[in-house]
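Numbering (my numbering), first residue to last: 38 to 369. In what follows, a structure is listed as structure tokens, so that the remarks can point back to it.
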Ligand code: NAI
Ligand code: MG
């Protein structure tokens, strides 16, 4: 029996978590789902966006499914706190073209690995008399080593040829200097994988002009956040973009989109980003067979273009997409 914590959150977060559970329950796996609360609804009911009980529940299971939350001004982000609490230090975002989706390129296939626990999201900001606001940016050798090792390992396991370190060490000499230096030290342990580094501004341009040059990218927290949304825009947008926050003991799996208040309750949220995140979760749990099947079935459903939600130009409901993918899984 594999226990999984589920955090539906707010808006379409709840709808896509339900889709993920429906899909997983259709597979021949012995799973138990334990629900926990977070987000704006939770704040209105119990005065906090992330109750201690939710953290405790997530710490008891290897994997957590996270939908999305509606942010509450002035309150700490539950997902950023959870990533830290569970030491899910590597945020992994696969960026792959889908056949049948109109986008800038149809031959993109790379992975962004973003440091998830420090950098600009260290969450220590101060304000002096409302005149000067200061945010601390923390880079440690230890956290850099962990995420860079993770990226090289991921490259090795997935037969990737190259890891690119993205930074701004020409300006952020100490912090990104340390990240870059750590990157090249670790690259010596992986002689079969090429190592190179780019500035973040140049990377933003290359992502638009020649994204095919990338294989695995490893970068710090804020740069990774921005570049991975940019990259998601290259292959079909938010409804198709999954992510995993991986650590040594725990993983949190979530679509990269938010709670989408504009379409919440209409039952038309695209469940694919969540479903592809479930594939990443099953891989993390050692269930490679179904992880691969989910990916292939989802690609097939997208290619056929029969069951797609309005964000992808279709007129299907969320549940139609889920059912089409389940049917495809059992047919391939
Ligand atoms: P959003 O991702 O919720 O929505 C942006 C646009 O994309 C909207 O037009 C929405 O309808 C569409 N969209 C997003 N996911 C979709 C899906 N699965 N299917 C179809 N259309 C989809 O971003 P927005 O509007 O900036 O933020 C809404 C709320 O979500 C805010 O409170 C924000 O802070 C929060 N948020 C939470 C995140 C999380 O919990 N991880 C991540 C990003 C935003
Ligand atoms: Mg983001």
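Idealized CB from N, CA, C, for every residue including glycine.
- Spatial neighbours of residue 334 in its own chain (CB-CB distance under 7 Å, excluding positions within 5 residues in sequence) are listed in chain order as 362, 365, 366 and 369.
- Here residue 203 is buried: its Cβ has 16 or more other Cβ atoms, across all protein chains shown, within 10 Å.
- For residue 128, the pairing in a beta bridge is given by DSSP as 151 and 282.
- No heavy atom of ligand 1 is found nearer than 6 Å to the CB of residue 161.
- Beta-carbon to beta-carbon, residue 54 and residue 311 are separated by about 7 Å, close enough to satisfy the 8 Å threshold.
- Within the DSSP bridge table, the entry for residue 158 names no partner.
- With at least 16 other beta carbons inside 10 angstroms of its own, residue 223 counts as buried.
- A straight-line Cα-Cα distance of about 34 Å links residue 270 and residue 169.
- By the beta-carbon neighbour count (other beta carbons within 10 angstroms, threshold 16), residue 94 is buried.
- Between ligand 1 and the CB of residue 108, the shortest heavy atom gap is smaller than 6 Å.
- Residue 282 counts as buried, since no fewer than 16 other beta carbons sit within 10 angstroms of its beta carbon.
- The C-beta of residue 245 has fewer than 16 other C-beta atoms within 10 Å across all chains shown, which makes the residue exposed.
- Per DSSP, residue 175 is not a residue of any beta strand (DSSP E), being assigned neither H nor E.
- When beta bridges are read from the DSSP output, residue 69 appears opposite 40.
- In the same chain as residue 177, and ignoring 5 residues on each side of it, the C-beta atoms closer than 7 Å to its own belong to 155, in chain order.
- In the DSSP secondary-structure assignment, residue 292 is bridged to 279.
- With fewer than 16 neighbouring CB atoms inside 10 Å of its own CB, residue 163 falls in the exposed class.
- Considering only 63, 234 and 104, the residue with the shortest C-alpha distance to residue 290 is 104.
- For residue 357 and residue 276, the gap between their C-alpha atoms comes out near 15 Å.
- Following the DSSP letters along the chain, one finds residue 59 inside the alpha helix (DSSP H) bounded by residues 49-62.
- A residue is called buried once 16 or more other Cβ atoms fall within 10 Å of its Cβ, and residue 83, having fewer, is exposed.
- In terms of Cβ geometry, residue 219 and residue 182 form a close pair [threshold 7 Å].
- Three or more beta-carbon pairs drawn from the region 39-46 and the region 63-75 are found closer than 8 Å, and the two stretches are therefore classed as touching.
- Sixteen is the threshold: since fewer than 16 other Cβ atoms of the shown chains lie within 10 Å of the Cβ of residue 221, the residue is exposed.
- Under the three-state reduction of DSSP output, residue 262 falls in the helix class.
- Secondary structure at residue 236: strand, using DSSP grouped into helix, strand and coil.
- Counting only runs of at least 4 residues, the region 322-350 fully encloses the following alpha helix (DSSP H) elements, listed from N- to C-terminal order: 325-341.
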